[in-house]
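Remarks on the structure that follows.
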Amino acid sequence: MKGIRVAAVMTVLAAVLVPSYAGDWPGWRGPTRNGLATDATPLLDALPEGGPKKLWESEPLHGRGGGGHGSPVVAEGRVYVFADWGYNVPKEDRVITANVLNAYGYAPDMPAELSSKVEQARTSEERTKLDRRTLNPWINEWLKANVPEKQKKFRGAAQTRLRAGAQAVPLDVLAKMATVKDKVFPNQQALDQWFKDNGIDDATRKEAIRRVKTTNPASRDFVVCLDAETGKTLWKTEVPSKGGQSHEASTTPVVADGRVYVITASSAVVCLDAKTGNEIWKKTPFEKRSSVHSSVLVADGVVVASSARGTVGLDAGSGEPLWEAKKVRADDPSPVAWKSGNQTCVLINSRKLTCLDAKSGRVYWEAPGGGSATPAVVGDYLACIFRRKLVVYKLAADKAEELWTMEFNEDYASPLIYEGHVYAIGTPRGKKEGRAVCVELATGKVKWDADPAGAPTCASPVVADDKLVSFATHDLLLTKASPDKYQELGRHKISGSGWTSPAITDGKLFCRIGTKVVCYDLAKQ
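Going by our numbering, the first residue of the sequence shown is number 8, and it counts up by one from there.
Right under this line is the structure:
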């Protein structure tokens, strides 16, 4: 009966959020923005040896850099992704910056005695005999023996020069380069002439300018639409870009009423036709460009967009501004809808957890919040991770009552509420192994607390058919979503999953892996 009640609540919320076909995954964290699939397709009981069947992979979505961290969404037989295409633009001038000097281990305030030790060690016979396998352990032992705690700020520079060994740029050359730090040389020839005029030989010059930038990063941002059956690109629409940062296209589109909505890296909100990719409207609701990694929410005909400069509500049809809440700032967590009686509310986890009216932007209440995770809401329960805690609130029209809290270090991946329990994954600070917990929703009683091999990424997990799908280091991980015990149902080696979260619909798993979207078949045969 519990599962039926939860399903009923999710059905109502899905209708409020994003009108969609049954089983669609039309936005960040699914149809109800809590990581729960709404279709009942039975999934594999365990991942087969060799991994699940790959149905297709798309063409590359981006070039240089990570292409952003936008997750794939699925609606009406199509997959939508927001990504940037990074590339390098040649530059004419040359500048020796502080970063260039630091890259060679230049630390002019390093004590002379320590500097002398480093220079002797990097050219020593012992250093020349080291290979890739033995180099790092030797460096670590040398630093431990020769760099006291009071001089720890020089460990990075010492490490750089020890690693370079005999190939390190001489300190006297670096000192000369420091005299023209930040000077703009009009071209490469002018910089080469400066080295020649200062008596620096050609071999040293080539090594010394290796870190000087010869290009500037640039990028173009796109919303890409793929056929969900084949992975074929159906259309690609360019949207406003922030420029050179290839990871800034990190928001996830949302599909509603035949339209695709996305907030871009330049903090513009764009509405496209879902079938053609044609622009319907574009707005710049924030006064200045702002850091944005939060995905927009569409609820009751309102597009809610959050950034580091505040939160706005726009008319979904026209893009016209409806309200603004400048003090409600959230550049990482995404807004979530919650139904309070007949009222549609928006919950935003920023410096505080804030509850607003979707239509007017009126603030109803605030509660402690923070961090980067998007809250998970099922019924009147909310789970979130912030300030090294996993917290559960019971929501009401006028307040949020804290039910319980427990220590939990990771605050990037969002938790899940499923069948009366909270599931969360993360990586404790200072550890390489992950942590996964299952906690009773109503009481805070820990059902299990496991240390799965491989640190989880920042990707938020999803659940379907009593299975939890998540990413660990280089692994796609399938786990039983049960309070009885932590039970892995299989792992599959992958690479480049990054911080994006998968979409699951009709037994198919859509993942953004490396430069592509990949579709796996998880359906039980």
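Positions of the beta carbon are idealized from the N, C-alpha and C atoms, including for glycine. Just so you know, these numbers come straight off a predicted model, no measurement behind them.
Check whether the Cβ atoms of alanine 306 and threonine 351 lie closer than 8 Å to each other. In this structure, threonine 351 lies closer than 8 Å to alanine 306 by Cβ.
Coil, strand or helix - arginine 217 by DSSP: Correct three-state label for arginine 217: coil.
Which residues bound the alpha helix (DSSP H) around lysine 183? Counting along the chain, the alpha helix (DSSP H) containing lysine 183 begins and ends at 178-185.
Under the three-state reduction of DSSP, which class applies to isoleucine 103: helix, strand or coil? coil
If we count Cβ pairs, one from each stretch, closer than 8 Å, do we get three or more for the segment 42-53 versus the segment 495-513? Per the Cβ contact rule, the segment 42-53 is in contact with the segment 495-513 (3 or more Cβ pairs under 8 Å).
When you compare each of Arg395, Ile355, Ala390 to glycine 427 by their alpha carbons, which one comes out closest? Ala390
Which stretch, first to last residue, makes up the beta strand (DSSP E) that contains aspartate 199? Careful: aspartate 199 lies outside any beta strand (DSSP E), inside the alpha helix (DSSP H) at 195-204.
Can you tell me whether glutamate 205 is buried or exposed? The criterion is at least 16 other CB atoms within 10 Å of its CB, across all chains shown. Going by the sequence as given, residue 205 is asparagine instead of glutamate. Around the beta-carbon of asparagine 205, fewer than 16 other beta-carbon atoms lie within 10 Å, marking it exposed.
Using the rule of at least 16 other Cβ atoms within 10 Å of the residue's Cβ for burial, across every protein chain shown, is serine 313 buried or exposed? buried
Which whole-angstrom value describes the C-beta separation of alanine 44 and isoleucine 424, a residue pair presumed to lie in contact below a C-beta threshold of 8 Å? Wrong, their Cβ atoms sit about 14 Å apart, outside the cutoff.
Valine 367 to glutamate 156, Cα distance in whole Å? Residue identity check: residue 367 is serine in the sequence provided, not valine. Between serine 367 and glutamate 156, the C-alpha separation is close to 56 Å.
Between arginine 537 and threonine 434, what straight-line distance do the alpha-carbon atoms span, to the nearest angstrom? A query on residue 537 cannot be resolved here, the shown segment of the chain reaching from 8 to 532 and no further.
Aspartate 208 to asparagine 109, Cα distance in whole Å? 21 Å
C-alpha gap between asparagine 41 and alanine 530, whole angstroms: 21 Å
Using DSSP's beta-bridge definition, name the partner residues of lysine 474. Ala471, Lys487
Spell out a yes or no on whether the segment 207-222 and the segment 170-180 are touching, meaning 3 or more CB-CB pairs, one atom from each, closer than 8 Å. yes
Classification of proline 340 by the beta-carbon crowding that lies within 10 angstroms, buried from 16 upward: buried
Going by DSSP, what residue range makes up the beta strand (DSSP E) through alanine 263? 261-263
Close beta carbons around valine 384, own chain, < 7 Å, minus the five adjacent residues each side: Here the set comprises Asn41, Val343, Trp345, Leu354.
CA nearest to the CA of proline 468, picked from Ser508, Glu331, Val191: Ser508
Thinking just about the alpha-carbon of each residue, which of Asp405, Lys406, Leu397 is nearest to the one in asparagine 416? Leu397
Collapsed DSSP secondary structure at phenylalanine 161 in the structure displayed: Here phenylalanine 161 sits in helix by DSSP.
What's the gap between the Cα of tryptophan 35 and the Cα of aspartate 387? 20 Å
With DSSP as the reference, label isoleucine 355 as helix, strand or coil. It is a strand residue.
Measure the beta-carbon distance from proline 67 to lysine 523 and round it to whole angstroms, keeping in mind my assumption that it falls under 8 Å. 6 Å
Indicate whether alanine 374 and phenylalanine 393 have their beta-carbon atoms separated by less than 8 Å. Contact flag unset, no.
Compute the Euclidean distance between the alpha carbons of valine 470 and alanine 332, then round it to the nearest angstrom. 33 Å
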